[in-house]
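>
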Amino acid sequence: MADRMVEAGTAIVTGGAGGIGKATVRRLLDMGLSVFIVDADEKSLDTVLSEFGSASGRLDGCRADVMDERQVTQAVDRAVARFGDIYALVHIAGGAGPKRARDIEDFQLQEWAHVMDLNLTSAFLAARAVVPMMRKRRAGRIVVFSSIIAGGEKGPLTTVTGRLPYATAKAALLGFTSQLAKDLAEFGITVNALMPGLILGEQGTRIRDKFDNLAPEQRAALLNGYPGGRPGTGEEVAAAVGFLLSDSAGFVSGVALPVDGAYR
Ligand SMILES: NC(=O)c1ccc[n+]([C@@H]2O[C@H](COP(=O)([O-])OP(=O)(O)OC[C@H]3O[C@@H](n4cnc5c(N)ncnc54)[C@H](O)[C@@H]3O)[C@@H](O)[C@H]2O)c1
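For the sequence shown, my numbering begins at 444 and goes up steadily by one.
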């Protein structure tokens with residue numbers, strides 16, 4: 444059964460057209476929330492909107508780049524115009540960037556900054572755009588996406604492209620979460636981070652396709668650190684988001700929650 448919501452509100456889900464995002468959108472709709480997706484990939488966004496039937500009247504979205512200050516503000520304005528004040532921000536958009544490199548000297552400043560902006564600065568921009576509304580209502584939920592990679596990963600590169608800036612940005616998100624949670628607690632706003640392990644969304648989503656295209660021995664090596672011998676699913680992450688957004692989680696804040704099948 445979906446987590447209970449006393450008063451269904453509106454959630455913005457950035458990256459809602461991706462693997463984890465799609466499962467999360469489905470979960471939040473099941474919980475009775477209205478969902479506004481913000482995603483840079485127009486084609487995937489359109490697919491998700493039509494697949495879930497925006498006709499239900501509780502789902503909409505727009506194309507926007509979460510690294511762009513103006514586009515983030517405009518997207519939040521559109522969400523508010525469509526569904527009213529924002530109850531929850533689920534900031535899923537992120538990634539390790541197009542540059543595949545392991546050694547520090549192989550990163551240009553611009554490549555480093557891109558991964559910082561995509562994962563970290565975007566969280567600042569998105570949260571800054573919704574917090575005034577939440578503060579006024581004295582209620583709100585913010586969930587950001589860190590990763591198990593925040594703790595560093597030994598050995599050669601696997602599927603993660605820019606591992607060093609990615610680990611750095613995902614670790615910095617934990618500090619962001621701790622501080623913002625303390626700053627906003629008196630206003631009834633919770634702020635939490637998820638730390639997923641390897642998560643495969645449904646067929647056709649990016650990480651799933653990447654994983655499926657690996658040689659069997661590469662797949663086995665990737666799963667080696669997982670005691671259960673399997674990756675997680677988008678639904679398993681979405682369930683954790685659902686709990687953090689539910690009424691039951693009002694006193695859970697400033698947490699970095701691993702969803703990684705005991706990988707650590
Ligand atoms: N899948 C995993 O194994 C895993 C593990 C740990 C952490 N994470 C984190 O979880 C989040 C989601 O991962 P996923 O597996 O769903 O990835 P994904 O690539 O399937 O989805 C990411 C979504 O974000 C969107 N996006 C990318 N850049 C954007 C931008 N600049 N502006 C707006 N939207 C943008 C993409 O279009 C895509 O729809 C990411 O933050 C990722 O770092 C994923």
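For every residue, glycine included, the Cβ atom is placed at its ideal position computed from N, Cα and C.
The structure presented is a predicted model; accordingly, all values stated were derived computationally and were not measured.
Less than 6 angstroms between the CB of Gly538 and some heavy atom of ligand 1, yes or no?
If you number the sequence shown from 1, residue 538 lands on position 95. Yes, ligand 1 has a heavy atom inside 6 angstroms of this Cβ.
> So the beta strand (DSSP E) Ala457 belongs to, where does it begin and stop?
Taking the sequence shown and counting its residues from 1, one reaches residue 457 at position 14. In the sequence under discussion, the amino acid at residue 457 is Thr, which differs from the Ala named in the question. First-last of the beta strand (DSSP E) with Thr457: Thr453 to Thr457.
> Which residue's Cα is closest to the Cα of Leu688: Lys597, Ala636 and Asp549?
Working through the sequence shown from its first residue, we reach residue 688 at position 245. The residue with the shortest Cα to Cα distance from Leu688 is Ala636.
> Give the secondary structure of Met559 by DSSP, where H, G and I count as helix, E and B as strand, and everything else as coil.
Here residue 559 refers to the residue found at position 116 of the sequence shown. Met559 falls in the helix class under three-state DSSP.
> Out of Ala582, Val481 and Glu679, point me to the one whose CA is closest to Leu568's CA.
As a working note, residue 568 is residue 125 in the sequence shown. The shortest Cα separation from Leu568 among Ala582, Val481 and Glu679 belongs to Val481.
> Helix, strand or coil: how does DSSP classify Ser590 here?
Walking along the sequence shown from the start, residue 590 turns up at place 147. Of the three classes helix, strand and coil, the one that applies to Ser590 here is coil, per DSSP.
> Based on Cα-Cα distance, which residue from Gly704, Pro639, Glu645 and Val684 lies nearest to Asn667?
Within the sequence shown, residue 667 is the residue found at index 224, counting from 1. Out of Gly704, Pro639, Glu645 and Val684, Gly704 has the C-alpha closest to the C-alpha of Asn667.
> Taking DSSP as the reference, what is the three-state secondary structure of Val468?
If you number the sequence shown from 1, residue 468 lands on position 25. Of the three classes helix, strand and coil, the one that applies to Val468 here is helix, per DSSP.
> Does DSSP put Gly583 in a helix, a strand or coil?
Within the sequence shown, residue 583 is the residue found at index 140, counting from 1. Residue state, collapsed to three classes: strand.
> First and last residue of the alpha helix (DSSP H) that includes Arg543?
If you number the sequence shown from 1, residue 543 lands on position 100. It is not in any alpha helix (DSSP H) - Arg543 carries neither H nor E in the DSSP assignment.
> Alpha carbon to alpha carbon, what distance is there between Tyr609 and Gly538?
Stepping through the sequence shown from its first residue, residue 538 is reached at position 95. Stepping through the sequence shown from its first residue, residue 609 is reached at position 166. Between Gly538 and Tyr609, the C-alpha separation is close to 7 angstroms.
> Of all the options Tyr706, Arg606, Gln517 and Val573, which has the alpha carbon lying nearest to the alpha carbon of Met638?
Numbered from 1 along the sequence shown, position 195 holds the residue referred to as residue 638. Closest option to Met638, Cα to Cα, is Tyr706.
> My assumption, with CB atoms under 8 angstroms, is that Ile632 sits in contact with Ile585. Please give the rounded CB distance.
For the purposes of this step, residue 632 is taken as the residue at position 189 of the sequence shown. For the purposes of this step, residue 585 is taken as the residue at position 142 of the sequence shown. That belief holds up - the Cβ atoms of Ile632 and Ile585 are roughly 7 angstroms apart, short of 8 angstroms.
> Identify every residue that forms a DSSP beta bridge with Ile632.
In the sequence shown, the residue the question calls residue 632 occupies position 189. Its beta-bridge partners are Gly583.
> Compute every distance between the C-beta of Val509 and the non-hydrogen atoms of ligand 1, then say whether any falls below 6 angstroms.
As a first step, residue 509 must be located in the sequence shown, where it is residue number 66. Yes, the beta carbon of Val509 sits closer than 6 angstroms to at least one heavy atom of ligand 1.
> Please return the same chain residues whose Cβ sits closer than 8 angstroms to the Cβ of Val509, not counting the five positions on each side in sequence.
Locating residue 509 in the sequence shown gives position 66, counting from the first residue. The residues are Thr457, Gly458, Val481, Ala483, Val515, His534, Ala536, Leu561, Ser565, Leu568 and Ala569.
> Kindly indicate which residue of Leu665, Asp549, Arg571 and Thr611 has the alpha-carbon position closest to the one of Gly598.
Position 155 of the sequence shown, counted from the first residue, corresponds to residue 598. Of the candidates Leu665, Asp549, Arg571 and Thr611, the one whose C-alpha sits nearest the C-alpha of Gly598 is Leu665.
> Would DSSP call Thr601 helix, strand or coil?
Locating residue 601 in the sequence shown gives position 158, where the first residue counts as 1. If DSSP states are grouped into helix, strand and coil, Thr601 belongs with coil.
> Checking the sheet assignment: what are the DSSP bridge partners for Ser477?
Taking the first residue of the sequence shown as position 1, residue 477 is located at position 34. For Ser477, which the question treats as bridged, DSSP gives the partners Thr453.
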